[in-house]
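Protein chains in written order, with the numbering used here: chain U, 2 to 436; chain F, 5 to 330.
Have a look at this one:
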C-alpha cells in the first residue's frame, strides 16, 4: 500500500518538477514580487519628503519663534528615530513618513502675496503661512495656511501643533512665568512601554501569521487546484482504469496529494531559501533598508512548519475531493470557493484572535480543522494555549485529512464507475464498504 | 478449475440492463473471445471480472476464488479506452506501470526494452507519449498490461484502431502468449478475428449470452452450406435448384444452399453445372461464418415479436461497427 502511494507520488512529483511551467513560476514569481517591492521602495525614496514652507508676517518675532520651534521639533524626532530604528514604523509605504519642513521667514512687502502665489504654482514652495498680528494686545493673531496640495494634512498638523506651543509659551511669558518652567510644563508626557518585549512578540507574530496566510493562500491557489486538476486529468485520460486495476483508490488519492503537494513545498522551499540567502547578504539591507524587521523564534519556525504542512495537506485533500466530484476544469472552477472560503473565514477571525488570543471563541475556533492551521499557529505564537490543545489540534487535523482522503477516494470510485448515473443511497453505502 | 467464471451475472445501469443472466467459464490456457456488437455488454462484463464494478446479482470468480484485490496482481488488463500519461516519456511510463505491478525498477526497464523490440517500436522509447501515433500508443498500453507476466490477460478491444499489419503482430503475440500457457480473454466485435484466434467464444447480444462453446464445436454444429464461386463467363448456373439464396458480385457469387440431407452432393452438382458454363477460378464449401451464425442465433432468440430484428438490421449492426473500426 505504502509502496504504491510512494510510486504514484514519485511519478507525480518528477513529472511536474520537470515541466517548463514549474521552472518558470519558480523563477518568475519571486522576480515579479521583488520587482514590485523594489519598485515601490524606489518610488518611495524618490518622492521627496521635504516641504518648503514660507512664514510670512509683519510680526517677525512670532515668525522666527515658530521657525525655531519647528526646527527644534524635527531635531527631536530625528534623534528618537536614530536612537531606536526598530521602533520606527514597520511599514514599507513611504506616505506614512512625517514630512520634513524647511521653513523660510519672509517679511511682508507690497505684492508679496502675489509673488507667493506664483511661487506656489511653480512649486518653489509647498505652502505659505500668512500671519496677521492681533489687532488688540489680548487678541490672537489670525493664521492662513495656503498649501500647494490640500491633501497635505500632515504639514497642516505639524504647523498647528507648533503654533499652539509658540502661542502658549508667549502667553505664559506674558503672565510672568520663567521660560525654563514653561518649557517643563510643555514637555509631552511619555508612557514607558513596560512590556516592550511582548509588543515585539505580538508584532512579529502578526507578521509571521500574515506571511503564513499569504504563503498558504498562494500555494493552495497554485497547487491545491493542481491536485484537483491532476485527478480530473486521470479521469479524462482514463488512466484510472489501469491504475484502479492495480491499486486502491485511497492509495492513488494519497499519492496524488503527496506528489503534487511536494512540488508546492519544493517551490516554496526554493523561494524561502532564496529569501534567507538574500537576507543574509547586504543586498537585503540595500533593498529593504531598516524598515523590514521580523523576529522569529525557533519554536515559531517549528510550529510554522507543522501547521503549514497540516494546512496544506488539509486543503489539498479537500481539493482532491472536489476533483473527484467534477469531470472538467470548468466545473471545478465553480467549486473553487469551497477551498477559499475557510481560508477567508480564518482571515476574518484573525481580528478576534488578535484581541483575545485565549478567549473561548478563539480556543474553540482554533480546534476546528479547517481553521486550525492558521488560528492555532496564531495562538501558539501569541497566546498561551495549553499543550493538550496544541496536541488535540494536530490530532484532529491529521484525522480529518485521512477522513477526507478516504471519502474523496470513495466519491472518485463511485463517480467514475457510475457513468453519469446518480448513485442512490444504498449503492453509495455498498460502495463505501467495497474497495 | 476455470480461471474466470461468471455465474448468472446481472448488471443494471440507470436505465439500461447491461448484462443479464450471463454465465460462462474460461479454462486455463485457452484463448477466449468475448463477442458482440458495441453496447452488447462486453465491457461491462470485463469490468466486473477485474472488480472495477460489482454485479448486482450473481457471482464472478477469478482463479477459483471470489473477487479480491490480491489476485489482480496476476491479471494483465488492457482497458477499452486507452489511458496513458501524455506528457510522460514512454520508458518511464512503462517502468511506472511495471513497478505498480510489483516489479523492481531495473527489471521493469529490462522487460520494457525487450517488449519494445518484440513489438518493433524501439524508436518510440525515448519519446513522449503524445508524440506517438495512436497505433504506437496502443502498443505501449499493450506492453504495459503484460510487463508483470500475468497468468491471465484480459484485453478489451485490443485490435481496434490498428492497421492490419500491426493488428496481425498483436494477434501473433497473443498466440505466442497462449503457447506459453497463459489464459487470454479478449473482446471484439470483429467476428472474423475470432474465427482465426479463439479456442472458445462467448457471443453476447444486448446483455444476453447468445452462444458459447469451443470454436470447432460451434462450427461443426452447422451444416457446410456456404458456397463461394469465383468465375469468368456465363452465370446461368446460378439458377441451380439447390441454391436457396445468393449474393452476386462481379465475377463472384456467395451462395447459401437449400437445407438437404445430401448437401455435399448438391455442392458438387452445382460445381459441375457451373463448369459447364463458366471458367471457375475458385470454389469453396464452408460452414457459415461466425457472423452468419450470430445473426441466425439472434433471430432465433428474439422472443419478443415487437422487438424482432430483421436480418438486415442485424447485419447493419455488425457491419456498421466493422466500418467504424476500419
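Just so it is clear, CB atoms sit at the ideal spot from N, CA and C, and this is done for glycine as well.
These numbers were taken from a predicted model, which means no experiment stands behind them.
Report yes if the CB atom of residue i is closer than 7 Å to the CB atom of residue j, and no otherwise.
| i | j | result |
| --- | --- | --- |
| residue 94 of chain F | residue 128 of chain F | yes |
| residue 198 of chain F | residue 302 of chain F | no |
| residue 187 of chain F | residue 156 of chain F | yes |
| residue 316 of chain U | residue 404 of chain U | no |
| residue 106 of chain U | residue 68 of chain U | yes |
| residue 144 of chain U | residue 132 of chain U | yes |
| residue 210 of chain F | residue 65 of chain F | no |
| residue 16 of chain U | residue 257 of chain U | no |
| residue 160 of chain F | residue 84 of chain F | yes |
| residue 374 of chain U | residue 312 of chain U | yes |
| residue 66 of chain U | residue 134 of chain U | no |
| residue 50 of chain F | residue 30 of chain F | no |
| residue 261 of chain U | residue 220 of chain U | no |
| residue 41 of chain F | residue 244 of chain F | no |
| residue 156 of chain U | residue 100 of chain U | yes |
| residue 277 of chain F | residue 195 of chain F | no |
| residue 55 of chain F | residue 12 of chain F | no |
| residue 78 of chain F | residue 154 of chain F | yes |
| residue 158 of chain F | residue 81 of chain F | yes |
Could you list which residues in chain U have their beta carbon closer than 7 Å to that of residue i, in chain order?
| i | result |
| --- | --- |
| residue 54 of chain F | 246 |
Can you name, in chain order, every residue of its own chain whose Cβ lies under 8 Å from the Cβ of residue i, other than the five neighbours on each side?
| i | result |
| --- | --- |
| residue 283 of chain F | 235, 236 and 237 |
| residue 113 of chain U | 57 and 107 |
| residue 18 of chain U | 264 and 267 |
With a threshold of 6 Å on Cβ separation, who are the neighbours of residue i within its own chain once the five nearest residues in sequence on each side are excluded?
| i | result |
| --- | --- |
| residue 15 of chain F | 22, 23, 48, 59 and 60 |
| residue 233 of chain U | 324 |
| residue 126 of chain F | 120 |
| residue 372 of chain U | 347 and 366 |
| residue 240 of chain F | 281 |
| residue 259 of chain U | 10 |
| residue 289 of chain F | 228, 231 and 271 |
| residue 167 of chain U | 66, 67 and 70 |
| residue 370 of chain U | 397, 398 and 401 |
| residue 358 of chain U | 380, 383 and 384 |
| residue 68 of chain F | 5 |
| residue 265 of chain U | 220 and 224 |
| residue 292 of chain F | 226 and 230 |
| residue 336 of chain U | 323 |
Output, in chain order, the set of chain U residues within a Cβ distance shorter than 8 Å of residue i.
| i | result |
| --- | --- |
| residue 186 of chain F | Ordered by position in chain U, no residue passes the 8 Å Cβ test against residue 186 of chain F, which lies about 17 Å from the chain. |
| residue 76 of chain F | 246 and 247 |
Counting only Cβ pairs nearer than 9 Å, list the residues of chain F close to residue i.
| i | result |
| --- | --- |
| residue 1 of chain U | With chain U represented from 2 up to 436, any question about residue 1 of chain U goes unanswered, as that position is not in the structure. |
Is there a C-beta anywhere in chain U that falls below 7 Å from the one on residue i?
| i | result |
| --- | --- |
| residue 83 of chain F | yes |
| residue 189 of chain F | no |
So with CB distances below 8 Å, who are the chain F contacts of residue i?
| i | result |
| --- | --- |
| residue 441 of chain U | There is simply no residue 441 of chain U to check, as chain U begins at 2 and stops at 436 in what is shown. |
| residue 5 of chain U | 104 |
Is there a Cβ of chain F sitting closer than 7 Å to that of residue i, yes or no?
| i | result |
| --- | --- |
| residue 17 of chain U | no |
| residue 242 of chain U | yes |
List the residues of chain F that residue i touches, going by C-beta distances under 7 Å, in chain order.
| i | result |
| --- | --- |
| residue 12 of chain U | 100 |
Find the residues of chain U that neighbour residue i, judging by a C-beta separation of less than 9 Å, and give them in chain order.
| i | result |
| --- | --- |
| residue 148 of chain F | 243 |
Cutting at 7 Å between CB atoms, please list the residues of its own chain near residue i, excluding the five before and the five after it.
| i | result |
| --- | --- |
| residue 87 of chain F | none |
| residue 9 of chain F | 29 and 65 |
- Taking 8 Å as the threshold, find out whether the stretch 335-347 of chain U comes into contact with the stretch 241-259 of chain U through three or more Cβ pairs. Taking a cut-off of 8 Å on C-beta distances, the stretch 335-347 of chain U does not touch the stretch 241-259 of chain U, as fewer than three cross pairs fall below it.
- Counting Cβ pairs, one atom from each stretch, are 3 or more of them under 8 Å apart for the stretch 255-275 of chain F and the stretch 196-212 of chain F? With contact defined as three or more Cβ pairs closer than 8 Å, the stretch 255-275 of chain F and the stretch 196-212 of chain F are not in contact.
- How do the stretch 394-414 of chain U and the stretch 250-258 of chain U stand: do at least 3 beta-carbon pairs fall below 8 Å, yes or no? Note that the stretch 394-414 of chain U touches the stretch 250-258 of chain U; at least 3 beta-carbon pairs, one per stretch, sit closer than 8 Å.
- Specify whether the stretch 259-274 of chain U and the stretch 97-109 of chain F touch according to this definition: at least 3 beta carbon pairs, one from each stretch, less than 8 Å apart. Here the stretch 259-274 of chain U makes no contact with the stretch 97-109 of chain F; the two share fewer than three CB pairs at distances below 8 Å.
- Is it true that the stretch 112-131 of chain U meets the stretch 51-62 of chain U, where meeting means three or more beta-carbon pairs spaced less than 8 Å apart? When Cβ pairs closer than 8 Å are counted between the two stretches, the stretch 112-131 of chain U is seen to touch the stretch 51-62 of chain U, the count reaching three or more.
- Query: Taking one C-beta from the stretch 148-165 of chain U and one from the stretch 175-193 of chain U each time, how about it: are there three or more such pairs within less than 8 Å?
  - Reply: Cβ pair count under 8 Å is below three, so no.
- Task: Assess, as a yes-or-no matter, whether the stretch 127-144 of chain F is touched by the stretch 164-182 of chain F under the definition of 3 or more beta carbon pairs within less than 8 Å.
- Result: Output reads yes: the stretch 127-144 of chain F touches the stretch 164-182 of chain F.
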